[in-house]
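Quick note, the sequences are listed as chains A and B, same order.
Just so it is clear: in the first sequence, position 238 is 238 by UniProt numbering, and no numbers are missing.
Just so it is clear: in the second sequence, position 135 is 135 by UniProt numbering, and no numbers are missing.
Beta carbons are placed, not taken as given, at the ideal position from N, Cα and C, and that holds for glycine.
Here the structure is a predicted model, which means the values were calculated and not measured.
Let me begin by presenting the structure, written as structure tokens, before commenting on it.
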Amino acid sequence: MARRYDSRTTIFSPEGRLYQVEYAMEAISHAGTVIGVLSKDGIVLAAERQATSNLLEQSLDNEKIYEMNDNVVAGVAGHAADANTLINQSRAIAQRYLLKYDSPMPVEQLVRRLCDMKQGYTQYGGLRPFGVSFLCAGWDSTFGFQLYQSDPAGNYSSWKAACIGENYSNAQSILKQEYKDEEKEEAGPNVRTVGSQMTMDDALKLTCQVLSKTIDTAKLSSKKLEFATITLKAGKPFIHVYTSTEIDEVLKKYESVIKPADSQ
Amino acid sequence: MDAQFAISGRDFVISVTDKGLRNSILKMKMDQDKTCQLSSHTFMSVSGEPGDTSNFSEYIQGNVKLYSVRNAQDLSPSETANFIRGELADALRSRSPSQVNLLVAGYDKGTNEAALYWIDYLSAMAKVPFAAHGYCGYFLYAVMDREYTADITLDGAKALIKKCFEVLKTRFIIDYSDYTIKVVDKSGTRVLSQDEL
Chain A
1 MARRYDSRTT IFSPEGRLYQ VEYAMEAISH AGTVIGVLSK DGIVLAAERQ
51 ATSNLLEQSL DNEKIYEMND NVVAGVAGHA ADANTLINQS RAIAQRYLLK
101 YDSPMPVEQL VRRLCDMKQG YTQYGGLRPF GVSFLCAGWD STFGFQLYQS
151 DPAGNYSSWK AACIGENYSN AQSILKQEYK DEEKEEAGPN VRTVGSQMTM
201 DDALKLTCQV LSKTIDTAKL SSKKLEFATI TLKAGKPFIH VYTSTEIDEV
251 LKKYESVIKP ADSQ
Chain B
1 MDAQFAISGR DFVISVTDKG LRNSILKMKM DQDKTCQLSS HTFMSVSGEP
51 GDTSNFSEYI QGNVKLYSVR NAQDLSPSET ANFIRGELAD ALRSRSPSQV
101 NLLVAGYDKG TNEAALYWID YLSAMAKVPF AAHGYCGYFL YAVMDREYTA
151 DITLDGAKAL IKKCFEVLKT RFIIDYSDYT IKVVDKSGTR VLSQDEL
């Protein structure tokens, strides 16, 4: 019965649902996991690649994590081609803002513009929605470090830790359990940052822990992962997309949480 | 010809414009406010082609306000000045250029610094410690060059402005009777009367 109302994005079903949007979200739940964890000194983004083959030239291939701007890095889950279009458009939007105001675009505004675009495809034109969810990690001088999740419907929200893609509900519950939630609200004249008690080290550790629980292969390796962090260096945002050697180093460093004590 | 000049210290900007609206041989209005408030901590003084002045100011004012409302935060003075310059530059090579000269003054609440930007009708922009537009510059740069220091206080700037008024009164052909004097600092924008200088 649902079939009658699912072939066009621009109409509601009798129960008030947009099936195409829901189907897009379903597609994403089969895509490679992306995890983001916010700490007081930065944000960690980790992603599982799904296209793995010995023939792939992986060092030159970005599948999941992309820099949007000097101050924003995003992980994508879902249709790669759809993701590429949205990444290109976001990059242009961010640069046009820089041209207009001579100042980096605040993270939330970039995410909002991206989401407004996605929403358009659920209401006008009769074209299908983008089958992509984003985890956008960024820094700006007003709100500090922020992590946003956005979905094909064009909804977005700010998170301390989030996960999209395969096994996301599993990951989300582990994050909820393990994330050190006691926070100090740091008030300033215009700064509305909420400091969490997580350090970058805690965040990396937690990310590795969650990855090991949600990724199918028993052993994590740099072949299957993309990693990035955004921190501050000399008061300016610094995005670091890890090389495979660096990923191996991280995995080695947090070995203890990856291999649980009771398994050999 | 309008008097339009401004002086900035580390944490304040003080701007002066005359209040006269003259047309040919007539004094049409002698209490005209030639400044345009853009946000709580940024404003600009405007001179140039009558009509273009109000049109351009209102356009900028509306857009700056729209940004604040949309994004729940104000543009900083630097962002505002760059935006204004961009709009003026786009208009310049279009069907409808605006012949306006601006001084954008503001206090950046993020960096806790004051900023003054000089923008002319060809949309050249410079961040400056003090500046003037129009004929008054010929007289006032001499005074300001001599007296200005980077750590000037608000009282020092007020004294400097009094000297500027003296020079204009002595040597400039137009008799300016009244001025709009505005200060922007950490607590926002306020108007000073000539007696308060």
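Quick one, which of the options has its alpha-carbon nearest residue i's?
| i | options | result |
| --- | --- | --- |
| Thr42 of chain B | B:Pro50, B:Ile60, B:Gly20, B:Lys29 | B:Ile60 |
| Pro104 of chain A | A:Val72, A:Gly154, A:Gln172, A:His79 | A:Val72 |
| Met198 of chain A | A:Asp181, A:Gly138, A:Lys213 | A:Asp181 |
| Asn23 of chain B | B:Met1, B:Ile7, B:Thr17, B:Val16 | B:Met1 |
| residue 278 of chain B | B:Val16, B:Thr149, B:Ser47 | The shown model of chain B, from 1 to 197, leaves out residue 278 of chain B, and the question about it has no answer. |
| Tyr23 of chain A | A:Pro129, A:Leu56, A:Ser158 | A:Pro129 |
| Glu79 of chain B | B:Ser98, B:Leu38, B:Ser96 | B:Leu38 |
| Glu249 of chain A | A:Trp159, A:Pro237, A:Gly144, A:Leu220 | A:Leu220 |
| Ile25 of chain B | B:Ile174, B:Glu196, B:Ala150, B:Gly62 | B:Ile174 |
| Gln209 of chain A | A:Asn88, A:Thr52, A:Val37 | A:Val37 |
| Asn256 of chain A | A:Thr207, A:Thr10, A:Ala51, A:Gly16 | Per the sequence presented here, residue 256 of chain A reads as Ser, with Asn not at that position. Of the candidates A:Thr207, A:Thr10, A:Ala51, A:Gly16, the one whose C-alpha sits nearest the C-alpha of Ser256 of chain A is A:Thr207. |
| Ile7 of chain B | B:Ala132, B:Ala126, B:Pro77 | B:Ala132 |
| Ala51 of chain A | A:Lys223, A:Ala234, A:Thr231 | A:Lys223 |
| Tyr121 of chain A | A:Val21, A:Ala162, A:Thr231 | A:Val21 |
| Lys205 of chain A | A:Asp102, A:Lys252, A:Glu63 | A:Lys252 |
| Thr170 of chain B | B:Ala89, B:Gly9, B:Phe139, B:Gly48 | B:Phe139 |
| Asp41 of chain A | A:Ile35, A:Tyr19, A:Lys236 | A:Lys236 |
Using a Cβ-Cβ cut-off of 9 angstroms, state whether residue i counts as contacting chain B.
| i | result |
| --- | --- |
| Ser157 of chain A | no |
| Thr193 of chain A | Residue confidence for Thr193 of chain A is low, a pLDDT of 49 falling below 50, so the modelled location carries little weight; the figure read from the coordinates is stated next. No, because no Cβ of chain B sits closer than 9 angstroms to the Cβ of Thr193 of chain A. |
| Asp70 of chain A | no |
What's the C-alpha gap between residue i and residue j?
| i | j | result |
| --- | --- | --- |
| Lys29 of chain B | Gly20 of chain B | 6 angstroms |
| Leu114 of chain A | Lys100 of chain A | 18 angstroms |
| Val241 of chain A | Arg96 of chain A | 24 angstroms |
| Met25 of chain A | Lys118 of chain A | 13 angstroms |
| Ser13 of chain A | Ala27 of chain A | 20 angstroms |
| Phe56 of chain B | Val100 of chain B | 8 angstroms |
| Ala115 of chain B | Gly51 of chain B | 27 angstroms |
| Ser29 of chain A | Gln73 of chain B | 35 angstroms |
| Gly86 of chain B | Ser123 of chain B | 8 angstroms |
| Thr142 of chain A | Gln109 of chain A | 12 angstroms |
| Ala31 of chain A | Leu92 of chain B | 50 angstroms |
| Ala92 of chain A | Asn69 of chain A | 9 angstroms |
| Gly132 of chain A | Asp155 of chain B | The sequence given here has Val at residue 132 of chain A, not Gly. Distance between the alpha carbons of Val132 of chain A and Asp155 of chain B is about 59 angstroms. |
| Phe134 of chain A | Asp145 of chain B | 54 angstroms |
| Ala81 of chain B | Leu75 of chain B | 9 angstroms |
| Val111 of chain A | Asn167 of chain A | 24 angstroms |
| Phe136 of chain B | Gln123 of chain A | It is worth fixing the name first, because residue 136 of chain B is Cys in this sequence and not Phe. Each residue's alpha carbon lies about 57 angstroms from the other. |
| Tyr67 of chain B | Ser157 of chain A | 21 angstroms |
| Met200 of chain A | Gly134 of chain B | 55 angstroms |
| Ser244 of chain A | Leu56 of chain A | 14 angstroms |
| Glu113 of chain B | Met125 of chain B | 19 angstroms |
| residue 266 of chain A | Tyr141 of chain B | One cannot answer for residue 266 of chain A here, as it falls past the ends of chain A, which runs 1 to 264. |
| Pro106 of chain A | Gln146 of chain A | 10 angstroms |
| Ala46 of chain A | Gly138 of chain A | 14 angstroms |
| Leu197 of chain B | Ala159 of chain B | 7 angstroms |
| Cys31 of chain B | Tyr176 of chain B | The sequence shown places Asp at residue 31 of chain B, not Cys. Going by the C-alpha atoms only, they are around 11 angstroms apart. |
| Cys163 of chain A | Ser169 of chain A | 8 angstroms |
| Phe238 of chain A | Thr229 of chain A | 8 angstroms |
Within the 9 angstroms Cβ cut-off, does residue i reach chain A?
| i | result |
| --- | --- |
| Asp98 of chain B | For the sequence presented, residue 98 of chain B should be read as Ser rather than Asp. Answer no: the Cβ-Cβ gap between Ser98 of chain B and chain A never drops below 9 angstroms. |
| Leu75 of chain B | yes |
| Asn71 of chain B | yes |
| Gly110 of chain B | yes |
| Phe83 of chain B | yes |
| Glu79 of chain B | yes |
| residue 274 of chain B | In this structure chain B extends from 1 to 197, so residue 274 of chain B is not present and cannot be described. |
| Gly137 of chain B | no |
| Gly106 of chain B | no |
| Gly86 of chain B | yes |
Residues in the stretch 91-119 of chain A with C-beta within 9 angstroms of chain B's C-beta atoms, listed in sequence order?
Cβ contacts with chain B: Leu99, Lys100, Tyr101, Asp102, Ser103, Pro106, Glu108, Gln109, Arg112.
Using a Cβ cut-off of 8 angstroms, which residues of the stretch 116-148 of chain A contact any Cβ in chain B, in chain order?
Of all residues in the stretch 116-148 of chain A, those with a C-beta nearer than 8 angstroms to a C-beta of chain B are Ser141, Thr142, reading in chain order.
Under 8 angstroms, with one C-beta from each stretch per pair, do the stretch 91-111 of chain B and the stretch 180-196 of chain B reach the 3-pair mark?
Between the stretch 91-111 of chain B and the stretch 180-196 of chain B there are three or more inter-stretch CB-CB distances shorter than 8 angstroms, so the stretches are counted as touching.
Between the stretch 167-197 of chain B and chain A, which residues of the former have a C-beta closer than 8 angstroms to a C-beta of the latter?
Against chain A - using a Cβ distance shorter than 8 angstroms - the stretch 167-197 of chain B contributes no residues.
Mind the definition here: the stretch 137-154 of chain A touches the stretch 167-177 of chain A only if three or more C-beta pairs lie below 8 angstroms; say whether that holds.
Because the criterion of three Cβ pairs below 8 angstroms is not met, the stretch 137-154 of chain A and the stretch 167-177 of chain A do not touch.
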